[in-house]
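Accompanying notes for the structure given below.
Chains as they are written, first to last, in my numbering: chain F, 29 to 696; chain G, 292 to 374.
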C-alpha cells in the first residue's frame, strides 16, 4: 500500500501529517528530537528491517504531527541499510510508511560546509523543508557568525537557529514547521539538480556547492579560538598516553556494569524472592502456587535482573558517545580488532559482554556494517559473563578448596578461554558463514563537548523499555516453559519422605521440636529430589546422559545443564537439590557433598577431569535463553540465535571432551 | 578511466606527512567503499590536511576530523595545494 510519490498534496489531509528529522551523525539530531517530543516517543523498527527509529507525536497548533527520527547519515545515496531506509522513507518508498509531508533538516552551525552536502541531496528530494541550525551557542562561542537570511535565501527554505539543550529557538522552529506544512511548498533551492546534471563526480559537485554556500554564509573570526579538540586528541590518540586513558575509561565502564549494577540486581533478586515467599504463604500449595512463584514471579525477576546492567551500560555509553570519545575508541582499537576480522567499534560491546551478553548484544548496534555486527553478536556470549562466576567458584572450590592462588589462576584461565574462543570464532565465522573483511574504518571525530544527561536518560529509558517489551516477553515465556519442564509430571512424595514426616510428627508430640525440624528438612529435600528426577527435566537428564557421559557427566549434571538454560547460576542450586544438600547448609556443605558423590561403581562424580570438563563446558556453551531472545530481537530472525546455540554447544562439547580425556590421561 | 596513477598528480593521501596540506584529485574505484569516502567529503577538489600518519590516519577536511583506515586512504589521490 504505497502512497502517492508526488510532493504533499495542497489540500488538507485527514491523516496525521508526518515530519522526518534528517541530519548528519553528531549534528545534534537526537537532542533536537528529544527537545521537540519530550519523553513521549517510542522506538520502532522500520517494517521488514532491523533498523530502528524513534517516533514521537508533537502538537503543532491543534494539529498532531508524527515526528520520525531518521538514522543519522552523511548522504542519502545508500551504502548501508540505515541509509537505504532513510532514502526509502524520504522518497516514500518505505513499506508501511508514507512519504513525509515535510523534512526538518538538521544542520550543525559549527560545521556547516560538511552538513550542507546532505542538504544538497535532501533539497533535491522535493519535500517541504525547514532547516534547524543546531549548536547555535557553540557557533557563537567559536566566533562563527552564520548569516541566517543569506542561508535561507540560498536554500530556499526557512532557517531557524536552535540550541536544543536550552530549548532556544524550539518554538520558532515549530511555528515555521507548521507554516511549511500548511503551505505544502517545497524548498526552492537554486542549487542542486543543475549542478549534478552535468558530467563528473556528483559528490565533488555537491561538496563544491556546499563549501561555496558554507563560506558565503559563515563569517569566521580572523583569529581562531584555541582548538581544544586537537589538543585533547594529541593526548587521547597518543600511543602511550592514549592507551592509559583508554584503559582507565574502559575499566571504569566495566567496573560500573560489573560491580555497581550488583546492588540493584541484589535488590531485584531479594524483592522477587520476598514476593515469591509472600505469594507462597497466601496461596495454598499446588500447581497454581508453583506456577506463580516458580514460573511467573521467578521468570519476571529473572528478566528484570538484567535491567540494571542494561541501564548503566547505555547511560554511560550515551555520555561517552556525546563527548565524542567513543569515536576515538573505535579509532584506537581498529587495527587490533582488525586482526580477527572485527571493526574497532566492536570493542565496547565485547568488553561489556564480560558483565552480561544481553546488554552487550543490544550495544552491538554501534557497529554499522551488518556482517560485522552479526559476528560481534554471535561471539559476544563466549565472553565470561557474571552469571558464570558462581559456576567457576563452585569448580574452583571443588578442585582447589584451600589453595586461593590456584583457584584464582583457574578463574583467569576460564576468562582467557572465553576470550580466545571468541576471537577464534570471529576468525572462523569471517571465513565461513559471514565471509568478508571488516568494513574499513571511516569515522568522523567530532569536537569534544559536554555530554547531555537528558539524552543519556532518554536512551536508557528507551533501551530498558525495548528490552522489557521485546525481549522480556520471550524470556518470560521460556521461563514458564522451563518451570513446566521441572515440575511436570508431578509425583507424590517418596515413601522414605512420608516415613520421615510421620516420625517427625511423633517427635513433635514428644516435645523434641528441634529434632523434628531436622527430619522435616530431610523429608522435603528427599521430596524435591524425587520430584525433580521424576519431572520432564529429570527425564531429559537421563535422556542426555549417554551423550554427556563421554564428558564425564552423569544424569544429575545433565539435569543441571538443562536447568541452567534458564540462568547459568541455577546449575549450582539444581545440583544442590539433586545431590541432597539443604540450602541452609550454605556452599561449604554443598561442595562437601559434591565431593562425596560417587557413580554407581564407587568412583567420584566430581573428579579433577570431570570438574575441568564442567568448567570448560560452562565457559563455552550457550546456556542462556535471555541471550538467545535478545539475539533474535537484534538480528530479526531465529536463524542467528539457532546458529549461535549450535556452534557454541558444539564447541563446548568438543572442548570438554578433549579436556576430560586429556586430564584423564595425565592424572592416571 | 582514472589510470594515470604514477604521474606527478598521483601521490596518495596516505603518503602525506603529518601537517601537510593537499588537494584531492580523484578517488579510485566505484564500489561502496569509494562511495563512503566521497560521501564524507574526500572527493575531487577538497582540501585536506593530514594530522596523524599512523594507521588509522587522522585528517582534517571541511572543518572536521576524520579517522580513516590506511587501506581506504590508499585509493585517494592528492596533489599539492596551491594556496
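Here a beta-carbon is modelled for each residue, glycine too, at the ideal position from N, C-alpha and C.
Computed from a predicted structure; not experimentally measured.
Around the beta carbon of residue 448 of chain F, fewer than 16 other beta carbons lie within 10 angstroms, which makes this residue exposed.
Three or more Cβ pairs drawn from the region 234 to 245 of chain F and the region 143 to 156 of chain F lie within less than 8 angstroms of each other, which places the two stretches in contact. With respect to the 7 angstroms criterion, residue 59 of chain F and residue 480 of chain F are classified as neighbours on the basis of their beta carbons. CA-CA distance, residue 285 of chain F to residue 519 of chain F, rounds to 42 angstroms.
Put simply, the CB of residue 570 of chain F is far from chain G, with every gap to its CB atoms at 7 angstroms or more.
Membership of residue 677 of chain F in the alpha helix (DSSP H) is indicated by the continuous run 667 to 695. Looking at the DSSP output, residue 640 of chain F shares a beta bridge with no other residue.
Spanning the alpha carbons of residue 116 of chain F and residue 98 of chain F requires a straight line of approximately 11 angstroms. For residue 400 of chain F, the enclosing alpha helix (DSSP H) has its first and last residue at 398 to 407. Your pair residue 677 of chain F and residue 638 of chain F does not check out as a contact, with CB atoms roughly 19 angstroms apart and the cut at 8 angstroms. Within the region 459 to 511 of chain F, the complete beta strand (DSSP E) runs of at least 3 residues fall at 470 to 473. Rounded to whole angstroms, residue 441 of chain F and residue 628 of chain F show a C-alpha spacing of 32 angstroms. Taking a contact as a CB-CB distance under 8 angstroms, the pair residue 270 of chain F and residue 279 of chain F does not count as one, their CB atoms being some 15 angstroms apart.
By the rule that beta-carbons nearer than 7 angstroms mark a contact, residue 334 of chain G touches chain F. DSSP places residue 410 of chain F within a helical segment (H, G or I) once states are collapsed to three. If you ignore the 5 residues before and after residue 342 of chain G, its C-beta comes within less than 7 angstroms of the C-beta of 309, 349, 350, 351, 356, all in its own chain and listed in chain order. Using a Cβ-Cβ cut-off of 7 angstroms, residue 141 of chain F is close to 353, 354 of chain G, given in chain order. Residue range 355 to 359 is occupied by the beta strand (DSSP E) that includes residue 357 of chain G. Interface flag for residue 248 of chain F against chain G is unset, since no Cβ pair is found closer than 7 angstroms. Contact holds between the region 198 to 210 of chain F and the region 155 to 165 of chain F, because three or more Cβ pairs, one in each stretch, are under 8 angstroms apart. Per DSSP, the beta-bridge partners of residue 86 of chain F are F/93. According to DSSP, residue 211 of chain F shares a beta bridge with no other residue. About 19 angstroms separates the CB atoms of residue 418 of chain F and residue 633 of chain F; that is not less than 8 angstroms, and the two are not in contact. Under the Cβ criterion (8 angstroms, minimum of three pairs), the region 674 to 691 of chain F does not count as touching the region 326 to 343 of chain G. Among the CB atoms of chain F, none fall inside 7 angstroms of the CB of residue 371 of chain G. Look at residue 342 of chain G here: in three-state DSSP terms it is strand.
Just so you know, the alpha carbons of residue 492 of chain F and residue 65 of chain F end up roughly 19 angstroms apart. By the rule that beta-carbons nearer than 7 angstroms mark a contact, residue 330 of chain G touches chain F. The continuous stretches of beta strand (DSSP E) do not include residue 544 of chain F, which lies in the alpha helix (DSSP H) extending over residues 541 to 562.
Residue pairing by DSSP places residue 136 of chain F opposite F/162 in a beta bridge. Cβ-Cβ separation between residue 49 of chain F and residue 132 of chain F: approximately 5 angstroms, consistent with a contact (criterion under 8 angstroms).
Residue 466 of chain F sits close to residue 366 of chain F, with the two beta carbons spaced by under 7 angstroms. At the C-beta level, residue 192 of chain F and residue 136 of chain F stay beyond 7 angstroms of one another. Annotation: the continuous alpha helix (DSSP H) that includes residue 65 of chain F extends over 57 to 65. For residue 89 of chain F and residue 200 of chain F, the gap between their C-alpha atoms comes out near 12 angstroms. Exposed is the label assigned to residue 478 of chain F, since fewer than 16 other Cβ atoms lie within 10 Å of its Cβ.
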